[in-house]
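Engineer: Note that this note's numbering has the sequence shown beginning at 125, numbered continuously upward.
One structure is given below, represented as structure tokens, and several questions about it will come after.
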Amino acid sequence: MPEIIAAIDEGAATTIFTTLAAGLPPQSSSGSSSFGPFTAAYSAHATLSSPGTVDLIPPGTIRVADLRMDWRLHLSLSLDIGDFLPDIHIPQVCVHIPCVGDVCTPKIDIVWPTVTVPIDLSDYVKTTVDLGIAVTLVAGTWKVEGVVQGVPNLQFGLTTAAMLAVVGAAVAAAVAWVPLIGPF
């Protein structure tokens with residue numbers, strides 16, 4: 125079977141990787157869900173802002189250093205207060221006064237609003253990734269994939285670090301009372 129051997133230097137690898145990264149469109153996702161009076165919606169957007177540099181490390185490792193992704197997250201949490209508080213209806217009351225006629229109070233309807241709390245977060249993730257190459261032939265088409273071998277460096281911005289700390293504290297509080305996990 126004939127073989128193909130390809131060689132590339134770090135400068136060309138950086139050029140190819142930068143070109144491929146520039147062709148990646150921004151990634152977006154959104155969704156929503158409701159449970160009774162509660163509604164939650166989100167939209168997330170991520171962009172590769174710095175494709176980084178490529179280092180070729182023998183044998184067979186490609187290190188992409190200083191790869192930076194900027195992200196934006198919009199959360200919207202809503203509570204329909206009218207689902208569990210009754211609406212208030214004050215009827216119109218009229219009194220007949222001689223020489224003046226009928227004097228009426230206005231009809232008043234108090235309908236409870238939906239309270240929405242918007243949360244907007246944005247930050248970045250900067251990383252260094254070690255990749256290997258997996259080349260396969262699938263139905264007559266060559267498929268070249270990068271396989272993550274390691275992540276020697278992972279940096280978060282302050283928003284991401286704070287968000288991870290809050291999630292960690294919430295999980296710790298939730299499992300604190302579970303036997304063999306919590307303090308008792």
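For each residue, glycine too, the CB sits at the ideal point set by N, CA and C.
Got a sec, what are the start and stop residues for the alpha helix (DSSP H) residue 159 sits in?
Structural biologist: Position 35 of the sequence shown, counting from 1, holds the residue named residue 159. Where residue 159 is concerned, there is no enclosing alpha helix (DSSP H), although the beta strand (DSSP E) it sits in stretches over 151-159.
Engineer: Report buried or exposed for residue 188, applying the criterion of at least 16 other Cβ atoms within 10 angstroms of its Cβ.
Structural biologist: As a position in the sequence shown, residue 188 is number 64, starting the count at 1. Residue 188 is buried by the Cβ-count criterion.
Engineer: Looking only at its own chain, which residues have a Cβ that is under 8 Å from the Cβ of residue 181, when we skip the five neighbours before and after it?
Structural biologist: The residue given as residue 181 occupies position 57 in the sequence shown. Result list for residue 181: 187, 254, in chain order.
Engineer: Could you pull the start and end residues of the alpha helix (DSSP H) that residue 316 belongs to?
Structural biologist: Residue 316 lies beyond the range of the chain shown here (125 to 308); nothing can be said about it.
Engineer: Which first and last residues belong to the alpha helix (DSSP H) in which residue 299 is found?
Structural biologist: Counting from one through the sequence shown, the residue named residue 299 turns up at place 175. Its alpha helix (DSSP H) spans residues 282-299.
Engineer: Whose C-beta lies closer than 6 Å to the C-beta of residue 163 among residues of the same chain, with five residues either side of it excluded?
Structural biologist: Translated into the one-based positions of the sequence shown, residue 163 becomes position 39. Closer than 6 Å at the Cβ level, and outside the excluded window around residue 163, lie 202.
Engineer: Quick one: grab the DSSP three-state call for residue 205.
Structural biologist: As a first step, residue 205 must be located in the sequence shown, where it is residue number 81. It is helical.
Engineer: My output table needs one value for residue 259: the three-state DSSP class, helix, strand or coil.
Structural biologist: Counted from its first residue, the sequence shown places residue 259 at position 135. Looking at residue 259 - three-state DSSP - the assignment turns out to be strand.
Engineer: Suppose the cutoff is 6 Å on Cβ atoms and the five residues either side in sequence are ignored; what does the same chain contact list for residue 227 look like?
Structural biologist: Residue mapping note: residue 227 aligns to position 103 of the sequence shown, counting from 1. Residues 219, 221 of the same chain have their beta carbon placed closer than 6 Å to that of residue 227, with the five preceding and five following residues left out of the count.
Engineer: For residue 299, count neighbouring Cβ atoms within 10 angstroms of its own Cβ and tell me buried if that reaches 16, exposed if not.
Structural biologist: Along the sequence shown, one-based indexing puts residue 299 at 175. The residue in question, residue 299, is exposed, as its Cβ has fewer than 16 Cβ neighbours within 10 Å.
Engineer: If I measure Cβ to Cβ from residue 241 and keep anything under 7 Å in the same chain, skipping five residues before and after, which residues do I get?
Structural biologist: Residue 241 sits at position 117 when you count from the first residue of the sequence shown. Within the same chain, residue 241 has close Cβ partners 201.
Engineer: Spatial neighbours of residue 197 within its chain, please: CB distance less than 6 Å, with the 5 preceding and 5 following residues excluded, ordered by chain position.
Structural biologist: Looking up residue 197 in the sequence shown gives position 73. Hits under 6 Å: 168, 245.
Engineer: Expressed to the nearest angstrom, what Euclidean distance is found between the alpha-carbon atoms of residue 153 and residue 199?
Structural biologist: On the sequence shown, position 29 is the one that residue 153 refers to. On the sequence shown, position 75 is the one that residue 199 refers to. Going from the Cα of residue 153 to the Cα of residue 199 covers about 12 Å.
Engineer: Assuming contact is defined by CB atoms lying nearer than 8 Å, are residue 205 and residue 239 in contact in what I supplied?
Structural biologist: Start at 1 with the first residue of the sequence shown, and residue 205 comes out as number 81. Start at 1 with the first residue of the sequence shown, and residue 239 comes out as number 115. In contact: residue 205 and residue 239 (Cβ atoms closer than 8 Å).
Engineer: Is residue 278 near residue 236, with beta carbons less than 8 Å apart?
Structural biologist: Mapped onto the sequence shown, residue 278 falls at position 154. Mapped onto the sequence shown, residue 236 falls at position 112. No, the pair does not count as a contact, with Cβ atoms beyond the cut-off.
Engineer: From the DSSP output, in three-state form, read off residue 127 for me.
Structural biologist: Position 3 of the sequence shown holds residue 127. Here DSSP, grouped into helix, strand and coil, assigns residue 127 to coil.
Engineer: Tell me, to the nearest whole angstrom, how far the beta carbon of residue 248 is from that of residue 281; I am working on the premise that it is less than 8 Å.
Structural biologist: Here residue 248 refers to the residue found at position 124 when the sequence shown is read from its first residue. Here residue 281 refers to the residue found at position 157 when the sequence shown is read from its first residue. Right, their Cβ atoms sit about 5 Å apart.
Engineer: What residues match up with residue 171 in a beta bridge as DSSP calls it?
Structural biologist: Here residue 171 corresponds to residue number 47 of the sequence shown, with the count starting at 1. Note: residue 171 sits in a beta bridge opposite 194.
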